[in-house]
Structures are given as C-alpha cells and as structure tokens.
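Residue 80 is where the sequence shown starts when you use the numbering used here, and the numbers rise one by one after that.
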Amino acid sequence: LTLSPTPLRSATPSPTAVDLGPAGYNRLTGLWVDDPEKLNRRPLLIKVENLPRHHRPQFGLSSADLVYEYYTELGSTRFAALYFGEDAERVGPIRSARFFDIQLVRMYEAVFVFGSAYQELLDVLYDTEFANRLLVEEPDSCPSLCRYDPEGLNFLLADTANLKPYIESLGIDNHRQPLAGMTFDAAAPPGGEVANRIFVRFSGAIYNRWDYDAESGSFLRFSEKQNDLEYVNEVYEPMVDRLTGEQISAENVVIVLAEYLTLVKTETSEVYDIDLQGSGSAYLARDGRIYAVQWRREHPAGVLILTDTDGAPFPFKPGKTWFEVMGETSRVRQTDDVWRFTHYLP
C-alpha cells in the first residue's frame, strides 16, 4: 500500500536569541522544579502501548508532564508521553510510531523514543529535519533503553534519566528548547459547567473515565476492564502506574476535537494522520469544572495552547495534562455533572 500522509511542513528556524524562561520553571506544567538542571534538555516523547490488557499496568506514565492519547487503528489507542520536569526509571511498554507522532515531535522539539514503525512511516521519519533525534533500541542502548522480562513478557522500557547522557553520547543536540505558549493559573476561571465525571470512549475495546477528586484537585483515571461492543456493559478499574502503584491522575484533562485524515482504510487495515495545525474545538476539565475552549497551534514548532472563543489565552491549572485527541465530529453529551465524549469519524 502506498501511503500519502499530510505534507510535512518544515519547522520554523530558531531565532538567534531564544527566551527559555526562568531557569527552574517548567513551561509544560506551570510548576517550579527542585533541580533546575533537570530542565536543561529537550523533552522526551515516548510511545507507550494501551493494548493488550494483559500487559497492563504501564510503567512511568504518572511522571509524564503531558500525555496524548489518540486513536490508532482497529479500535485501539496509544499514548505519546512527554517527559521534561520529572524522570522515571522505567517507561513503557514502548511501542511503534504513527504519523501523528511527527506533529508531536515538532510541537515540543522533542527527542522521540519509539519501537520502530512500518516501513512507509520509517521512510518519512528518517527524511524529517529531526531524523537525528529518533531513538530506537540498539545493541548499546541499555541501560537507557532496555528489555525487561517480567512474567515472561519481553517489554522495551526507557530510563529517562539515563537517556540524557546516552543522547548526548550520540551527538544529538539536547539543548533546552523555548516551549513557550501554555498559560497557567491556579485559580479556576469563571464560568464553565460542573464536571465530576468524564467518560471518554474511543471504541468498544478502549474507553476510559476521569473522576474528579476534590481532595487532590485532580482527575483520577479509570480504564476499561473488558470489551463493551454493544455499548451497554462498561466495566472499569483504576489505571495505576506499575512503577509507583499509584492511580494515574491529572490536574487537566483536555478533549481535543480534530480532523482524522484517512491514509488507508480497508476491512483489515487502518492508517490515520491527525491534523493538529490551525485551531479547533476543545474542552478543558480542571477543578471539577469543564470549559468549552479552542485549541490552537499556529506553526509547526509551536506547542498546543488553549484560547477562549475570542482568541485570548485560556489557562491550564498548574500540574499535569492529559490530552484525549478525538475526531472533530465526536459526540458530546452532558447529564448533570457527568460528561460523555464518544469518538466518531464520519
């Protein structure tokens, strides 16, 4: 099959003088870090699997500053987790790339860690301006990128702290990047609607739920425990981090509605890209409320930001953010303080 992804637009050249922000301030979370030296690097974008279920729980997702979940193919989703302000000694299981990851690498000027890809996509990746920032498993990549075999499973995992010296040993430019654009405010904006529970359904095999926890001021993630192909028998369990044993949580949950571009679709195969340039509709859940906002990305090397309907920046809550990237025609339903988003492609 010949794939025809959306045209690759080159990144904007970096200016001579670059505003990196205060030394210890993380522009991706709005928080100050204990060790400012930790931010003197590029973010790490790591692909993490969501299926099969018997490989769960995943490692290290609670340490990511940002996580993007998006539909890949045949009912499944994967995570693209961004590490900058925190490290995790194990992240994974690491899986293969998809076309949408190209946009994420450019958005955050990241080093991309993934477990290969189909040949057509590999050809595109190695023809980008960030080709020298692609990291896959090599004979000498351990202890940074290693195989781990719990209970007979052959996982590929990354140690994000150890990746920094490994990256620099390969001669990769690992200088801190601007990453400007996201705005933060600890005080909840006025308006919005109460949202104590948010359902996010990608398919009958992948669906999740976010419950607001007033004590921590964050949303707690629950994942599906079984298929629900008839949409009548959803069963959930807490999504935990195998590394810490703690439930995954996020101060912000953003539902991004974007156009899925069909590259290949047959009875047995699906390949999509997602157009995340320009602007579109979104919902931001924070502080137990949900706000109808706009997502915006003005140029390839710019981070995703949120605005109000007049185009003014809309603040995230300081902390971590999960982005649920769904089709632009996805269905939205509200019943009192419960919201349900159902992924839909025309």
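For glycine and all other residues, C-beta sits at the position ideal for the given N, C-alpha and C. What you are looking at is a predicted structure, and each value in this text was computed from that prediction instead of being measured.
Item to check | CA-to-CA distance, PHE395 to THR262, given in whole angstroms | outcome: Our two residues, THR262 and PHE395, have alpha carbons roughly 6 Å apart in a direct line.
Item to check | alpha helix (DSSP H) segment containing ALA159, residue limits | outcome: Careful: ALA159 lies outside any alpha helix (DSSP H), inside the beta strand (DSSP E) at 156-162.
Checklist entry - DSSP state of VAL311, grouped into three classes? => result Per DSSP, reduced to three states, the secondary structure at VAL311 is coil, with no helix or strand assignment.
Item to check | Anticipated Cβ contact below 8 Å, TRP289 with ARG280, distance rounded | outcome: TRP289 to ARG280, Cβ: 12 Å. No contact.
Item to check | Contact under 9 Å by Cβ, GLY264 with PRO397 | outcome: As written in the sequence, residue 264 is Asp, which differs from the Gly given in the question. Yes, the pair counts as a contact, with Cβ atoms nearer than the cut-off.
Item to check | Where VAL382 falls: helix, strand or coil (DSSP) | outcome: Coil, per DSSP.
Item to check | Residues that ASP292 bridges to, as DSSP identifies them | outcome: SER297, per the DSSP bridge assignment.
Item to check | Complete runs of the alpha helix (DSSP H) confined to the segment 137-201 [at least 4 residues] | outcome: Taken in chain order, the complete alpha helix (DSSP H) segments of 4 or more residues contained in the segment 137-201 are 179-187.
Checklist entry - Are the segment 301-312 and the segment 336-345 touching by the rule of at least three beta carbon pairs closer than 8 Å? => result The segment 301-312 is not in contact with the segment 336-345.
Checklist entry - Opposite ARG376 in the DSSP bridges: which residues? => result Under the DSSP definition of a beta bridge, ARG376 partners with GLY357.
Next on the checklist: Extract the residue ranges of the alpha helix (DSSP H) inside the segment 225-249, only unbroken runs of 4 or more that lie entirely within it.
Outcome noted: Taking only runs of at least 4 residues, the alpha helix (DSSP H) segments lying wholly in the segment 225-249 are 239-248.
Next on the checklist: Suppose contacts are defined by Cβ-Cβ distances below 9 Å. Is LEU99 in contact with ASP144 by that definition?
Outcome noted: When the beta-carbon positions are compared, LEU99 and ASP144 stay at least 9 Å from each other.
Next on the checklist: With DSSP as the reference, identify every bridge partner of VAL319, one or two as the case may be.
Outcome noted: Assignment of beta-bridge partners to VAL319 by DSSP yields GLN326.
Item to check | Continuous beta strand (DSSP E) stretch holding ASN306: start and end | outcome: No beta strand (DSSP E) contains ASN306, which DSSP labels as neither H nor E.
Next on the checklist: Can you look up LEU118 in the DSSP assignment and give me helix, strand or coil?
Outcome noted: Looking at LEU118 - three-state DSSP - the assignment turns out to be helix.
Checklist entry - Would VAL335 pass as a contact of PHE402 if the rule is Cβ separation under 9 Å? => result Contact flag set, yes.
Item to check | Opposing strand residues paired with MET405 [DSSP bridges] | outcome: LEU336.
Item to check | As assigned by DSSP and simplified to three states, the class of ALA267 | outcome: ALA267: coil per DSSP, three-state reduction.
Next on the checklist: Going by the DSSP bridge assignment, what does PHE395 pair with across the sheet?
Outcome noted: DSSP lists PHE263 as the beta-bridge partner residues of PHE395.
Checklist entry - Among LEU236, VAL350, LEU110, TYR162, which residue has its Cα nearest to the Cα of GLN137? => result Nearest of LEU236, VAL350, LEU110, TYR162 to GLN137, Cα basis: LEU236.
Next on the checklist: Among the candidates ARG157, ARG174, ALA329, TYR370, whose CA atom is the shortest distance from the CA of ALA284?
Outcome noted: Ranked by Cα distance from ALA284, the first of ARG157, ARG174, ALA329, TYR370 is ARG157.
Checklist entry - Any idea if GLN198 is buried or exposed, counting beta-carbon neighbours within 10 angstroms, 16 or more meaning buried? => result So GLN198 counts as exposed.
Item to check | CB-CB length for ALA274 against ASP166, believed under 8 Å | outcome: Not a contact, Cβ separation roughly 31 Å.
Checklist entry - Would the beta-carbon of ALA371 fall within 9 Å of that of ALA361? => result Result yes, Cβ atoms of ALA371 and ALA361 sit closer than 9 Å.
Checklist entry - Is ALA102 helix, strand or coil by DSSP? => result Assignment of ALA102 by DSSP, reduced to helix, strand and coil, places it in the coil class.
Item to check | Residue nearest to THR388 in terms of C-alpha spacing, selected from ARG375, LYS399, THR400, VAL382 | outcome: Closest option to THR388, Cα to Cα, is ARG375.
Next on the checklist: Comparing C-alpha positions only, which one of HIS134, ARG120, ARG121, SER141 sits nearest to SER297?
Outcome noted: Of the residues HIS134, ARG120, ARG121, SER141, the one whose Cα lies closest to the Cα of SER297 is SER141.
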